[in-house]
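Have a look at the structure below before the remarks.
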Amino acid sequence: MSAAQRRTGRLWLPIIGMAIVVLVSNVAVQYPFTPWGLEDYLTWGAFTYPVAFLITDLTNRRHGAATARRLVIVGFVLAVIVSIAAASPRIALASGAAFLVGQLLDVSVFNRLRRLAWWRAPLLGSLAGSAIDTALFFSIAFAGDLSGTATYGVGDAQLALPVWVGWATCDFLVKMAMALLMLVPYGALVRALSAEVDADTAKRPVRS
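Letter 86 of the sequence shown, counting from 1, is numbered 77 in the working numbering, and no numbers are missing.
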């Protein structure tokens, strides 16, 4: 098996995971989060999309930045294809552009910080990627849509804004919280992957 085939083979699982996450998120972002009266503040997509950063960061940690970038490119193409069938063309375009820029930024930040404390690279990479992802997605998907407005503020400081502006703001706040939460499975999976690598290394014959 060639080196290129090995690289492609080890990406199938994260590619499938990434495509599922983006597909689910593209559908979920079209539905307001109605529990506790938060429909003017959140969509369900805020809770599903951060898993994409977990998949990218684990791939980056295990296989390096070059492989993680290949994952992002292939995942981007597949995600756009499946999103067109599941969401409107505008949502698919917004998702594709935001995904590509946000994930590539995450890979770059992660790679610069990978030698620091284990939690810094995934946390700061995810936060940077989430910020640009949120700004791009909501501006492309909903800018100019004045069909729904809501009043935001406290006390006398009230401001009427399009609902999507509130969604974007709260979406990023949830993504910040999810970036912290994703450190738990990230740390556990990195330890598991490290143990697997150590076991494979121990099984290799020692050359004299």
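By construction, the Cβ of each residue, glycine as well, lies at the ideal position given by its N, Cα and C atoms.
Can you tell which of the options has its C-alpha closest to the C-alpha of residue i?
{"i": "residue 118", "options": "101, 134, 67", "result": "101"}
{"i": "residue 116", "options": "83, 47, 30, 130", "result": "47"}
{"i": "residue 89", "options": "25, 5, 123", "result": "123"}
{"i": "residue 7", "options": "104, 74, 69", "result": "69"}
{"i": "residue 39", "options": "139, 183, 155, 166", "result": "166"}
Straight-line CA distance for residue i to residue j?
{"i": "residue 181", "j": "residue 51", "result": "11 Å"}
{"i": "residue 133", "j": "residue 175", "result": "33 Å"}
{"i": "residue -8", "j": "residue 2", "result": "Any reading at residue -8 must be qualified, since the residue scores a pLDDT of 47, below 50, and its modelled position is unreliable; no value is offered."}
{"i": "residue 55", "j": "residue 110", "result": "16 Å"}
{"i": "residue 20", "j": "residue 77", "result": "12 Å"}
{"i": "residue 13", "j": "residue 152", "result": "27 Å"}
{"i": "residue 35", "j": "residue 169", "result": "13 Å"}
{"i": "residue 185", "j": "residue 160", "result": "37 Å"}
{"i": "residue 45", "j": "residue 99", "result": "14 Å"}
{"i": "residue 114", "j": "residue 149", "result": "33 Å"}
{"i": "residue 62", "j": "residue 17", "result": "19 Å"}
So, for residue i: in the same chain, excluding its five sequence neighbours on each side, which residues have a beta-carbon less than 8 Å away from its beta-carbon?
{"i": "residue 127", "result": "85, 88, 89, 92, 93"}
{"i": "residue 10", "result": "66, 69, 70, 73"}
Would you give the residue range spanned by the alpha helix (DSSP H) that residue i belongs to?
{"i": "residue 114", "result": "111 to 133"}
{"i": "residue 170", "result": "154 to 172"}
Does any heavy atom of the ligand ZN sit closer than 7 Å to the C-beta of residue i?
{"i": "residue 27", "result": "Because no ligand of any kind appears in the structure shown, any question about the ligand ZN cannot be addressed here."}
Using a Cβ-Cβ cut-off of 6 Å (strictly less than) and excluding sequence neighbours within five positions of residue i, which residues of its own chain qualify?
{"i": "residue 192", "result": "Note that residue 192 scores a pLDDT of 43, beneath 50, so its modelled location is shaky and nothing firm can be said."}
Exercise. Taking only runs that begin and end inside the segment 10 to 95, name each unbroken alpha helix (DSSP H) of 4 or more residues, in chain order.
Key: Within the segment 10 to 95, the runs of alpha helix (DSSP H) at least 4 residues long that lie entirely inside it are, in chain order, 36 to 39, 41 to 54, 56 to 77.
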